[in-house]
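Novice:
Numbering (our numbering), first residue to last: 6 to 263.
(1) Indicate whether residue 184 and residue 194 have their beta-carbon atoms separated by less than 8 Å.
(2) Among the candidates 7, 6 and 12, whose CA atom is the shortest distance from the CA of residue 242?
(3) Look up residue 44 in the DSSP assignment and give the residues it is bridged to.
(4) To the nearest angstrom, how far is it from the Cα of residue 52 to the Cα of residue 25?
(5) How many angstroms separate the CA atom of residue 167 from the CA atom of residue 105?
(6) According to the neighbour-count rule (16 or more other Cβ atoms, all chains shown, within 10 Å of its Cβ), is residue 30 buried or exposed?
(7) Among 84, 32 and 155, which has the Cα closest to the Cα of residue 70?
(8) In this structure, does DSSP put residue 149 in helix, strand or coil?
(9) Measure the CB-CB distance between residue 22 and residue 97 and report whether it falls below 8 Å.
(10) Which ranges would you report for the beta strand (DSSP E) in the segment 148-192 if only whole runs of at least 3 residues count?
(11) Considering just the uninterrupted stretch of the alpha helix (DSSP H) at residue 114, what are its terminal residues?
(12) To the nearest angstrom, report how far apart residue 138 and residue 6 are at their CA atoms.
(13) Kindly indicate which residue of 251, 197 and 249 has the alpha-carbon position closest to the one of residue 32.
(14) Can you give the Cα-Cα distance for residue 115 and residue 10, rounded to whole angstroms?
(15) How far does the alpha helix (DSSP H) with residue 96 in it reach, from first residue to last?
(16) Would residue 131 pass as a contact of residue 119 if the rule is Cβ separation under 8 Å?
(17) If you measure between the beta carbons of residue 87 and residue 148, is that distance less than 8 Å?
(18) With a Cβ-Cβ cutoff of 8 Å, do residue 246 and residue 200 count as a contact?
(19) According to DSSP, what are the bridge partners of residue 255?
(20) Nearest to residue 261 by CA position, among 102, 218, 156 and 42, is which residue?
(21) Are residue 172 and residue 124 touching if we call contact CB-CB under 8 Å?
(22) Applying the 10 Å Cβ sphere with the 16-neighbour rule, what's the burial state of residue 63?
(23) So with Cβ pairs under 8 Å, would you call residue 80 a contact of chain B?
(24) Please state whether DSSP places residue 127 in a helix, a strand or coil.
(25) To the nearest angstrom, how far is it from the Cα of residue 219 to the Cα of residue 160?
(26) Alpha helix (DSSP H) containing residue 76: first to last residue?
(27) Can you tell which of 16, 80 and 222 has its C-alpha closest to the C-alpha of residue 126?
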């Protein structure tokens, strides 16, 4: 098989949550540039619309803004997608939030906000789109769910982001459980565990923290958009046809060599 066919996402239908910026934008852009029809969703309609306008100059990109921390918004997004599509080849559960505070001062709403978006929405959005994912899958070509975890769910770092780290550890293991029980439905579930990439979350880290991250990483840099695009295309294409329940760190060795 030619490499162009092995890694192709052309003609596939994808939904990328948290798709208006950061990691989600990197993934959505990679799919659009390679011929997929991509729906993006995020809480801010203006950000969704701006990126959709840009990416529509390259390929097919459609915005359905939604706040996935709320169950009624998950239901609305699912309903809108069901009106437009008969199948869904790729679901990227990327929407996420973080919260930093000392152990003594960490608030309940900082816990609940992060858990609702980072873990609860992953499960219930996938559940609500199960029929579209099943419709896209077959014995020889599984549909794909790609959860975005984090190396913070694998390692302990210098950051006091208690709910974020716990939520991403939850996503990593939820991925394995989902993979086991959705594989018989011809749906392959895997996760990407990114390290540090330019994003709103990493912008919040001070200069000392950023230097520490770069110094500790064997590759001595933060991630680039192409680094994430490569793994996102791999997990969405035939190239990963026998990969199921994997949590793949993309971190320049920061967690994998610790």
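Each residue gets a CB set at the ideal place from its N, CA and C atoms; glycine is no exception.
On a predicted model such as this, the values are computed, not experimentally measured, just so you know.
Specialist: Quick look at the numbers:
(1) Position 179 of the chain shown, counting from 1, holds the residue named residue 184. Position 189 of the chain shown, counting from 1, holds the residue named residue 194. A contact, by the Cβ cut-off of 8 Å.
(2) Position 237 of the chain shown, counted from the first residue, corresponds to residue 242. The residue with the shortest Cα to Cα distance from residue 242 is 12.
(3) In the chain shown, residue 44 corresponds to position 39, counting from 1. Beta-bridge pairing links residue 44 to 20 and 67.
(4) Residue 52 sits at position 47 when you count from the first residue of the chain shown. Residue 25 sits at position 20 when you count from the first residue of the chain shown. Each residue's Cα considered, the two are about 6 Å apart.
(5) Reading the chain shown from its first residue, position 162 is the one you call residue 167. Reading the chain shown from its first residue, position 100 is the one you call residue 105. Taking the straight line joining both Cα atoms gives about 7 Å.
(6) On the chain shown, position 25 is the one that residue 30 refers to. With 16 or more other Cβ atoms within 10 Å, it is buried.
(7) Stepping through the chain shown from its first residue, residue 70 is reached at position 65. Measuring from the Cα of residue 70, the nearest candidate turns out to be 84.
(8) Translated into the one-based positions of the chain shown, residue 149 becomes position 144. Looking at residue 149 - three-state DSSP - the assignment turns out to be strand.
(9) The residue given as residue 22 occupies position 17 in the chain shown. The residue given as residue 97 occupies position 92 in the chain shown. Between residue 22 and residue 97, the CB-CB gap stays under 8 Å.
(10) Fully enclosed beta strand (DSSP E) runs of 3 or longer: 148-153.
(11) As a first step, residue 114 is located in the chain shown; it is residue number 109 there, counting from the start. It spans 113-120 - the alpha helix (DSSP H) in which residue 114 sits, taken as one unbroken run.
(12) Working through the chain shown from its first residue, we reach residue 138 at position 133. Working through the chain shown from its first residue, we reach residue 6 at position 1. So the two alpha carbons sit approximately 25 Å from each other.
(13) Residue 32 sits at position 27 when you count from the first residue of the chain shown. Closest option to residue 32, Cα to Cα, is 197.
(14) Here the question's residue 115 lines up with position 110 in the chain shown. Here the question's residue 10 lines up with position 5 in the chain shown. Roughly 44 Å separates the two Cα atoms.
(15) In the chain shown, residue 96 corresponds to position 91, counting from 1. Residue 96 -> not in any alpha helix (DSSP H); beta strand (DSSP E) instead, spanning 95-98.
(16) Within the chain shown, numbered from 1, the residue matching residue 131 stands at position 126. Within the chain shown, numbered from 1, the residue matching residue 119 stands at position 114. Cβ atoms of residue 131 and residue 119: not closer than 8 Å.
(17) If you number the chain shown from 1, residue 87 lands on position 82. If you number the chain shown from 1, residue 148 lands on position 143. No, these two residues do not count as a Cβ contact at 8 Å.
(18) The residue labelled residue 246 in the question sits at position 241 within the chain shown. The residue labelled residue 200 in the question sits at position 195 within the chain shown. Not closer than 8 Å, so no.
(19) Here the question's residue 255 lines up with position 250 in the chain shown. BP columns for residue 255 point to 199.
(20) Residue numbering aside, residue 261 sits at position 256 when the chain shown is read from its first letter. Checked all of 102, 218, 156 and 42; the closest Cα to residue 261 is 156.
(21) As a working note, residue 172 is residue 167 in the chain shown. As a working note, residue 124 is residue 119 in the chain shown. In contact: residue 172 and residue 124 (Cβ atoms closer than 8 Å).
(22) Counted from its first residue, the chain shown places residue 63 at position 58. Looking at its Cβ environment, which holds fewer than 16 other Cβ atoms inside 10 Å, residue 63 is exposed.
(23) The chain labelled as chain B is not found in the depicted structure, where only one protein chain is given.
(24) Residue 127 sits at position 122 when you count from the first residue of the chain shown. Residue state, collapsed to three classes: helix.
(25) For the purposes of this step, residue 219 is taken as the residue at position 214 of the chain shown. For the purposes of this step, residue 160 is taken as the residue at position 155 of the chain shown. Their Cα atoms are separated by approximately 16 Å.
(26) Translated into the one-based positions of the chain shown, residue 76 becomes position 71. Per DSSP, residue 76 belongs to the alpha helix (DSSP H) from 76-89.
(27) Indexing the chain shown from 1 puts residue 126 at position 121. Taking only the C-alpha atoms, the option nearest residue 126 is 80.
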